[in-house]
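Data block below; observations after.
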Amino acid sequence: MFRLIPAVVAVAAFVAVGCAGLSRPARVATELPSAPAPAPEDQAGAAARLLELHNAQRARAGLDPMILDDRLSAAALVQARDCARRDRLTHHGSDGSGPGERIARAGVAWSRCAENAAQQPRPPRGWPGDPRTPEWAMEGWMKSRGHRANLLGPYQRMGAAFADADNGTRYWVVVFANPR
Numbered sequence: 036m037f038r039l040i041p042a043v044v045a046v047a048a049f050v051a052v053g054c055a056g057l058s059r060p061a062r063v064a065t066e067l068p069s070a071p072a073p074a075p076e077d078q079a080g081a082a083a084r085l086l087e088l089h090n091a092q093r094a095r096a097g098l099d100p101m102i103l104d105d106r107l108s109a110a111a112l113v114q115a116r117d118c119a120r121r122d123r124l125t126h127h128g129s130d131g132s133g134p135g136e137r138i139a140r141a142g143v144a145w146s147r148c149a150e151n152a153a154q155q156p157r158p159p160r161g162w163p164g165d166p167r168t169p170e171w172a173m174e175g176w177m178k179s180r181g182h183r184a185n186l187l188g189p190y191q192r193m194g195a196a197f198a199d200a201d202n203g204t205r206y207w208v209v210v211f212a213n214p215r
């Protein structure tokens, strides 16, 4: 029975979009880690861990690290909560906003921006630990051409957040931007 659970739980959707149309939506499926890591306990911890994971990938590619911007994390949280409330993965806010508009509303005048988002189902009852981790989201993004292009793109800053829907589905959102 537990051999089937990872296949069932691992069904996930990912979408990547660049504010300037740098990439088109992409969907990938990924598997749960064999030994689940602890889930992030707070937004700041999740954002810091995602920054660390992004910068590790950027270092492997010979790119400069990004810095975490609290205003971008606030923009990411707006979209993560909106997705969770609607239980729908999308880059379009319920108010019709796109990533660039949300970033501007957060107080960032940007010259280039992008957004990565992921939807991760709640694990079934009896699953050991909580596999809804930044590592899970990052693994999926690295397997997706559009997401990978965004996170290895020419960005200087990022923000990250997550929100859980009532049914336990976790929505991860990362936004990237270069200030004007």
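Count the sequence shown with the working numbering and you get residues 36 to 215, in order. All residues carry an ideal CB built from backbone N, CA and C; glycine is no exception.
Strand pairing of residue i, partner residues [DSSP]
i           : result
residue 190 : Looking at the DSSP assignment, residue 190 forms no beta bridge with any residue, so it has no partner.
residue 195 : 209
Run of the alpha helix (DSSP H) containing residue i, from where it starts to where it stops
i           : result
residue 156 : Careful: residue 156 lies outside any alpha helix (DSSP H) and carries neither H nor E.
residue 171 : 169-178
Beta-carbon separation (whole angstroms), residue i vs residue j, contact threshold 8 Å
i           : j           : result
residue 152 : residue 124 : 6 Å
residue 104 : residue 192 : 4 Å
In the stretch 74-140, which residue ranges form an unbroken alpha helix (DSSP H) of at least 4 residues, counting only runs that do not cross its ends? 78-95, 105-121 and 134-140
Hey, is the stretch 151-171 in contact with the stretch 74-92, meaning 3+ C-beta pairs nearer than 8 Å? yes
Using 8 Å as the cut-off, can you tell me whether the stretch 107-115 makes contact with the stretch 206-213, which would need three or more C-beta pairs spanning the two stretches below that distance?
yes
With three or more beta-carbon pairs closer than 8 Å as the criterion, would you say the stretch 153-162 touches the stretch 185-193? no
> Can at least three beta-carbon pairs, one atom from the stretch 116-134 and one from the stretch 189-208, be found at a separation below 8 Å?
Replying inline: yes
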